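Asks: The sequence shown begins at 612 in our numbering and counts up one residue at a time. First the structure, then my questions, so here it is.
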Amino acid sequence: MFKDFSEVQSFFKQKELQLGMDFGLSRMEHILDALNHPEKEFQSVHIAGSNGKGSTLNYLKEILMSAGITAGSFTSPHIERLNERIMINNREISDQEITGLMNRLVPALQDCGEEEHITYFELLTVLSFMYFADEKPDVVLFETGLGGRLDSTNVIHPLLSIITNISLEHTDILGGTLDKIAFEKAGIIKENTPVITGDLAMEAYEVIANKARETHAQMLSLSRDFVMEKVSFLPEKQIFNFKFGKTEWNSLEISMLGEHQIENASLAVAAVELLKEMGFSISETAVRSGLSNAKWKGRIEVISENPFVILDGAHNPDGMTVLVETLGKTFPDKDFTFIMAVLKDKDYQEMLSIVEPLAKELIFTQIEMYRSLSAEELLSHSCHQRKKLFPDWKQAVDSSIDQLDRDQALVITGSLYFIAEARGYLLEKL
């Protein structure tokens, strides 16, 4: 039994180091059998994709909350505290609630022989199921951890699924081509359950469409079945129009930076249209309010204006392309110094080729994580004329901020895990 949350955290850390990632659903099914299937006690929406999962989830969550619908959420990774992965109406699960759930869960794991085998992410997923089964929110939004088909969240039977986009990522696990990665993402599509997708490349679209046909799932895709039109792009907000069948939404506003956020917001509005067809009451006012209220930590987030510091969790080439394009368009008068730390399983060579033309200076560092690429290895792949090495990321941040001029911006990027650590440090420092 756990006496307090610190003991629970130690158990989590042990699990994280002990097993890392181990994909498959048989263990989850065995555990959920032992717990009498808490995942069947609530309604849900399932969200997968290479980029944009968290932002799309957040837009939809804010809309539901604005409509008076109690919305749970399960996301990863966390930025500041583990608790933020499991929320209801933006209220994090408390330390005490986690401890109580763990004191119920671990005996069940021992009884079914899975205490040693359950992975860190499976543990958090099961905890979320138990929590939402207890609290009974109206709907819960689940973000996959990695892939989809074998992700531990893929035991739910949602009202609808969303696949935001598909790009080359985790190629050692998911496969080295778009169609192989699309196959893994398509694994979240359930029988007779509608699926919404972003504007997919044809190679990925065909795989998703085939899966939808096999499962008799209605499929609605951005630019094919519903459309959005960018109206204006300003540093403080973006305005767009949206058309879904006979429904037209004009002058919708979002405050999150980057034109890609219009696509993410459009997927959320498409989901709203389907939920309304299922009986959810969501007004136009709720949609507009939810979209404008939505914010997401670590996604092109200006954390300080003096000094000018931006955090972004770009962790693959598509994410880095969006970051670079948004920075150039939004802050054309700034010179950019980048601090980068990446994980070993990412396409960091392609990420470097994207960021180097914009960067005035590149600083390479690393985080204390078994999946982290060494700063030395990352630097060795860079062709930039001005590059530095700081194995200690805090020294990299401190040194860069001290040398930052008013016309310069510091961009911290390369991994959500990196910005999660850096964000807390910067909030105390700045």
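Built from N, CA and C at the ideal position, the CB exists for glycine as well. Since this is a predicted model, take the numbers as computed values, not measurements.
Apart from the five residues just before and just after lysine 848, which ones in its own chain have a Cβ nearer than 7 angstroms to its Cβ?
Replies: So the list reads Glu864, Ile865, Ser866, once near-sequence residues are dropped.
Asks: So, with DSSP's three-state summary, where would you put arginine 702?
Replies: In the structure shown, arginine 702 sits in a strand (DSSP, three-state: E or B).
Asks: Could you check whether valine 818 and phenylalanine 853 sit closer than 8 angstroms to each other, using their CB atoms as the reference points?
Replies: The answer is no: Cβ separation not under 8 angstroms.
Asks: Can you tell me which of the three DSSP states leucine 868 falls into?
Replies: Note: leucine 868 maps to coil in three-state DSSP.
Asks: Cα-Cα, which of Leu963, Ala970, Leu902 is closest to serine 666?
Replies: Out of Leu963, Ala970, Leu902, Leu902 has the C-alpha closest to the C-alpha of serine 666.
Asks: For the beta strand (DSSP E) holding alanine 828, just list the boundary residues, first then last.
Replies: Careful: alanine 828 lies outside any beta strand (DSSP E) and carries neither H nor E.
Asks: Going straight from the alpha carbon of isoleucine 674 to that of isoleucine 893, what length do you get?
Replies: Taking the straight line from one Cα to the other gives about 8 angstroms.
Asks: Take asparagine 917 as the anchor and find which of Met830, Ile1030, Asp1013 has the nearest alpha-carbon.
Replies: Considering only alpha carbons, the answer is Asp1013.
Asks: Just to check my reading of the structure: isoleucine 1045 and glycine 890 have Cβ atoms closer than 8 angstroms, yes? What is that Cβ distance to the nearest angstrom?
Replies: With the chain covering 612 to 1041 only, the question about residue 1045 has no answer from this structure.
Asks: Hey, could you find the ends of the beta strand (DSSP E) lysine 1005 is sitting in?
Replies: Unbroken run through lysine 1005 is the alpha helix (DSSP H), 1004–1013; no beta strand (DSSP E).
Asks: If we count Cβ pairs, one from each stretch, closer than 8 angstroms, do we get three or more for the segment 686–705 versus the segment 719–728?
Replies: No: fewer than three Cβ pairs fall under 8 angstroms.
Asks: When you compare each of Ala719, Ala812, Ile911, Ser877 to leucine 646 by their alpha carbons, which one comes out closest?
Replies: Considering only alpha carbons, the answer is Ala719.
Asks: To the nearest whole angstrom, what separates the beta carbons of aspartate 1009 and arginine 982, a pair I think is in contact under 8 angstroms?
Replies: About 25 angstroms; that fails the 8 angstroms criterion.
Asks: Taking the alpha-carbon positions, what's the glutamate 1039 to serine 915 distance?
Replies: For glutamate 1039 and serine 915, the distance between alpha carbons rounds to 12 angstroms.
Asks: For aspartate 1016 and valine 920, I'd like the C-alpha separation in whole angstroms.
Replies: One C-alpha to the other measures close to 12 angstroms.
Asks: On the DSSP letters alone, give me the boundaries of the alpha helix (DSSP H) that alanine 1033 sits inside.
Replies: Alanine 1033 -> alpha helix (DSSP H) spans 1027–1040.
Asks: Since threonine 858 contacts methionine 830 with CB under 8 angstroms, what's their CB separation in whole angstroms?
Replies: That belief does not hold up - the Cβ atoms of threonine 858 and methionine 830 are roughly 18 angstroms apart, past 8 angstroms.
Asks: Measuring straight from C-alpha to C-alpha, what distance separates alanine 744 and isoleucine 767?
Replies: In a straight line, the C-alpha of alanine 744 is about 12 angstroms away from that of isoleucine 767.
Asks: For arginine 824, count neighbouring Cβ atoms within 10 angstroms of its own Cβ and tell me buried if that reaches 16, exposed if not.
Replies: Exposed, because fewer than 16 other Cβ atoms sit within 10 Å of the Cβ of arginine 824.
Asks: Does DSSP put valine 913 in a helix, in a strand, or in coil?
Replies: Here valine 913 sits in strand by DSSP.
Asks: For glutamate 795, count neighbouring C-beta atoms within 10 Å of its own C-beta (all shown protein chains included) and say buried if the count is 16 or more, exposed if not.
Replies: So glutamate 795 ends up on the buried side.
Asks: Where glutamate 561 and lysine 626 are concerned, what is the direct C-alpha to C-alpha distance, given to the nearest angstrom?
Replies: Outside the modelled stretch of the chain, which goes from 612 to 1041, sits residue 561, for which no answer is possible.
Asks: As a quick exercise: from Gln1019, Gly756, Leu885, His728, pick the residue whose alpha carbon is nearest that of serine 661.
Replies: Of the candidates Gln1019, Gly756, Leu885, His728, the one whose C-alpha sits nearest the C-alpha of serine 661 is Gly756.
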